[in-house]
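The structure under discussion appears below in the form of structure tokens.
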Amino acid sequence: MSATDNDDMKFDPLRREAVGWVRQLTSGQATAADAEALRSWCAQSAEHAAAFAAASRLWRDLAPAGRNVRAAAMARQSRSASRPLNRRVLLGGGLAAAASAAGVYALARPPLGLWPSWSEFAADYRTATGEQRSVALPGDVSIRMNVQTSIALRPADPGVARIELLSGEAAFGTTGRSFGVRAADRWILADNAQFDVRYVPAGGERPVCVTCLKGALKVERGAEVTAMKEGQQLRYDARGESLAAADIEVASAWQRGFLLFRFTPLADVVEEINRYRPGRIFIVNAEIARLPVSGRFRIDRMDEILTQLQQAFDARVRLLPGGIVLLS
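Going left to right, the sequence shown walks through residues 1 to 328 as full-length UniProt numbering numbers them.
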């Protein structure tokens with residue numbers, strides 16, 4: 001956050017509180033109690049809800065997923081141009097009701113998936129930024145949750161385990177027991193298999209990627225069934241699906257403690273890194289955002305990546321409070 005932002009917030013306590021809520025949500029440490037407290041805070045008045053909606057839009061506009069490098073432009077604006085709309089302007093012209101709705105909407109449906117949705121806060125199992133954990137379901141079903149992942153238990157028949165991957169990534173294993181994972185609009189079914197499911201927002205979309213690591217899978221949507229075997233990867237979203245050979249080493253690298261990229265655009269690399277470290281990295285140079293990255297990075301040394309990227313691309317790194325980094 002710039003000095004200008006800090007100066008403005010001194011004169012606008014409500015906006016300062018709203019920005020604090022956004023920071024808490026994006027920290028990766030927010031809890032269901034925090035989400036409930038925020039919902040109560042937004043409900044105090046239309047001005048509260050509008051302030052939160054405005055802070056959410058600001059954070060969204062800075063996000064790499066926007067691909068519009070607005071952060072660079074904002075950094076160059078003058079003090080008068082960069083001052084946010086005050087509450088009187090924001091709520092003028094009969095916009096109070098709309099502002100209230102926008103604040104609630106930003107909590108229920110976070111912009112570009114920048115923080116967990118209300119349903120994710122209410123998940124049975126959830127990991128924060130940089131946190132991984134293992135879960136064992138009754139019987140012989142094992143789950144290894146990657147960072148920023150939310151899972152909910154679903155009703156099932158006796159002897160059949162069912163869960164829903166609300167968001168994030170997890171590796172699943174079952175030996176001899178029927179097991180199903182729902183991700184978006186499909187069920188991934190297995191009896192004796194190991195597989196990885198990734199359901200992470202990317203470029204404004206929420207594609208699902210299923211990798212069969214061992215055994216065989218069935219992916220069902222109504223009467224439609226796609227069979228998968230070891231070494232295959234299925235990607236799907238609302239527009240359709242594609243089945244191809246999988247790069248098992250890349251798909252499972254996070255389980256071994258590192259991230260592996262092969263000619264991956266820097267913008268996508270940064271989006272992934274942001275899931276593993278507190279704060280957020282923003283690319284403010286459209287040219288370097290498209291440059292390909294290949295390499296292996298240790299998850300427990302995420303901050304070292306900044307130095308490596310700086311050296312590899314001759315990039316400028318600017319550190320800001322709250323773990324925010326501008327990469328140009």
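All C-beta atoms in this analysis are idealised placements derived from N, C-alpha and C, irrespective of residue type, glycine included.
Predicted model only: the values in this text are computed from it and were never measured.
Would you report the Cα separation of residue i and residue j, rounded to the nearest angstrom?
i	j	result
Arg221	Ala51	40 angstroms
Ile324	Leu137	37 angstroms
Gly130	Arg275	7 angstroms
Arg298	Val219	32 angstroms
Leu38	His48	10 angstroms
Leu95	Arg15	For Leu95, the pLDDT reaches just 36, beneath the cut-off of 50, and the residue's location in the model is therefore unreliable, leaving the point undetermined.
Asp268	Ala289	8 angstroms
Arg296	Gln308	11 angstroms
Ala251	Cys209	10 angstroms
Cys212	Ala46	48 angstroms
Lys229	Leu189	12 angstroms
Leu326	Phe313	14 angstroms
Ser167	Val135	16 angstroms
Glu241	Thr226	10 angstroms
Pro321	Gln310	19 angstroms
Ala216	Gly231	10 angstroms
Arg144	Asp12	44 angstroms
Gln132	Ala246	23 angstroms
Arg186	Val200	15 angstroms
Ile248	Phe258	14 angstroms
Val160	Arg126	22 angstroms
Asp140	Leu165	19 angstroms
Ala184	Glu272	20 angstroms
Glu287	Lys214	40 angstroms
Leu291	Arg162	41 angstroms
Tyr236	Trp41	37 angstroms
Ile283	Val270	8 angstroms
Ser142	Arg177	11 angstroms
Leu266	Ile281	11 angstroms
Gln148	Arg239	25 angstroms
Gly279	Ala223	43 angstroms
Val22	Ala54	10 angstroms
Arg253	Asn146	According to the sequence as given, residue 253 is Ala; it is not Arg. Their Cα atoms are separated by approximately 11 angstroms.
Gln255	Val317	29 angstroms
Glu304	Asp157	47 angstroms
Ala315	Gly180	45 angstroms
Val293	Asp300	19 angstroms
Asp191	Arg182	15 angstroms
Gln44	Arg277	33 angstroms
Please classify residue i: does DSSP put it in a helix, a strand, or coil?
i	result
Val22	helix
Thr226	strand
Arg133	strand
Gly323	helix
Ser40	helix
Asp124	coil
Ala312	helix
Asp237	strand
Ala184	coil
Ala244	strand
Arg67	Annotation note: pLDDT 37 at Arg67 (below 50); position unreliable, no value reported.
Ala54	helix
Ala156	coil
Glu17	helix
His48	helix
Asp12	coil
Since residue i sits in a beta bridge, which residues does DSSP pair it with?
i	result
Phe195	Phe172, Cys212
Leu165	Ile151
Glu220	Trp187, Val225
Arg318	Leu326
Gly231	Its beta-bridge partners do not exist; DSSP assigns none.
Ile143	Val135, Phe172
Arg296	Leu260
Check whether chain B comes within 8 angstroms of residue i, counting only Cβ atoms and requiring the distance to be less than that.
i	result
Glu164	Protein chain content of the structure displayed is limited to a single chain, and chain B is not contained in it.
Unbroken stretches of the alpha helix (DSSP H), 4 residues or longer, contained in the region 247 to 292: 248 to 251, 266 to 273, 286 to 289
Cβ contact check for the region 193 to 201 and the region 164 to 172: 3 or more pairs under 8 angstroms: yes
Three or more C-beta pairs below 8 angstroms linking the region 150 to 163 and the region 251 to 265: no
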